Amino acid sequence: MPAPAKRLPEWDRVLSAAAHLQRIFPDAVLVGGTAAALAAHHRVSADADHVLIDLRRRFDRVLAQLESVAGWRTARVQRPVQILGRLDGIETGVRQLIRDAPLETQKTAYRGLSITVPTDAEMLRIKAVLILKRNATRDYLDFVALQNRLGEAAVTEAMRSFDQLYPQPGGESALQQLLAQLAGPRPYDLEETRLSEYKRLAPRWHDWNVVRAACVRGAVMLFDRLAPGPTPNDRLRSKNSR
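My numbering applies: residue 13 is where the sequence shown begins, and numbers increase by one.
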């Protein structure tokens, strides 16, 4: 069983701080690597990022409320979309939700704590859009772990609304761009990421070739089921023909 199922004091502290933040702001949703780890049970995380749907509107009130809390220290502010700091010693972020539609959420229980997180399908979509925006190794790791947990049918349904939820400025298909990146994953930080030492990552994902193969399988499956148009993406076609 991957690390999050074990009793790890540092992991407990991260989740305790996340639950504390949500007692202050009950409408906050835990996202990022910590939420992905809770969903897929494949690693741990050292920080807690939350989103609010209306941080832009009430930024000053949220900041003032945080700064009145014992255990909070503000580190950096980007008005009106981001507040970074430490809560109970854990790096904590509060950010504006980047899309118009609210997240699909659920409550998860961890050792007596109740934390609001995205549904597993929503978490997959969040990691998919982070692949597009950030292209970090951890985003591919989280995506394939969630893909493995959900299975093909649920992944297909989760990604069916991806273009609608994340429209691109130039009108391009976010899903098609995602498929291209999954078909040939090249995260910017792969060379400096030691998978065998990364945040208690489950052993099955220690080999990048295994991760890459899972990305390609996901790309081909989603292309076959969802991609519009009669002509396959060249990279997908070459991967699928091997």
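Every residue gets a Cβ at the ideal spot worked out from N, C-alpha and C, and that includes glycine.
Treat the numbers as computed from the prediction; the structure is a model and nothing was measured.
Do you know how far the Cα of residue j is from the Cα of residue i?
i	j	result
Q180	A82	41 Å
S185	D236	16 Å
L144	D24	30 Å
P215	A157	12 Å
M171	A30	27 Å
A226	Y152	9 Å
T149	D201	6 Å
L238	A140	15 Å
P197	D219	14 Å
S126	L33	11 Å
L187	A165	17 Å
S57	G182	34 Å
A15	R73	For A15, the pLDDT reaches just 42, beneath the cut-off of 50, and the residue's location in the model is therefore unreliable, although a value from the coordinates is still provided. Approximately 37 Å, taken between the alpha carbons.
N160	P21	27 Å
D112	I138	14 Å
Cα-Cα, which of the options is closest to residue i?
i	options	result
D39	T117, I110 and A76	T117
G45	V26, L194, R198 and M233	V26
V102	I138, D59 and L33	This sequence places Ile at residue 102; Val is not what is there. Ranking the options by Cα distance to I102, first place goes to D59.
L194	A48, A113 and V232	V232
D100	S28, I110 and K119	S28
R206	G196, W217 and P197	W217
L142	V43, A31 and G196	V43
A199	R161, R73 and D154	A small correction: the amino acid at residue 199 is Pro; Ala does not occupy that position in the sequence shown. Checked all of R161, R73 and D154; the closest Cα to P199 is D154.
G163	G124, R35 and G230	G230
S80	I36, R224 and R19	I36
Beta-carbon separation of residue i and residue j under 7 Å?
i	j	result
P130	L115	yes
Q108	L136	no
R88	R98	no
G124	D61	no
V41	T120	no
R55	L213	yes
L64	I95	no
A51	D132	yes
According to DSSP, is residue i part of a helix, a strand, or is it coil?
i	result
Q189	helix
V167	helix
V81	coil
Y152	helix
G230	helix
L213	coil
T243	Because the pLDDT of T243 is 41, which lies under 50, any placement of that residue in the model is unreliable, and the number read from its coordinates should be weighed accordingly. Coil, per DSSP.
V89	strand
L96	strand
V141	helix
R19	coil
R172	coil
D236	helix
H11	No information on residue 11 is available, as it lies outside the stretch 13 to 254 that the chain covers here.
S57	coil
Tell me residue i's beta-bridge partners as DSSP assigns them.
i	result
K119	T128
H62	L42 and V106
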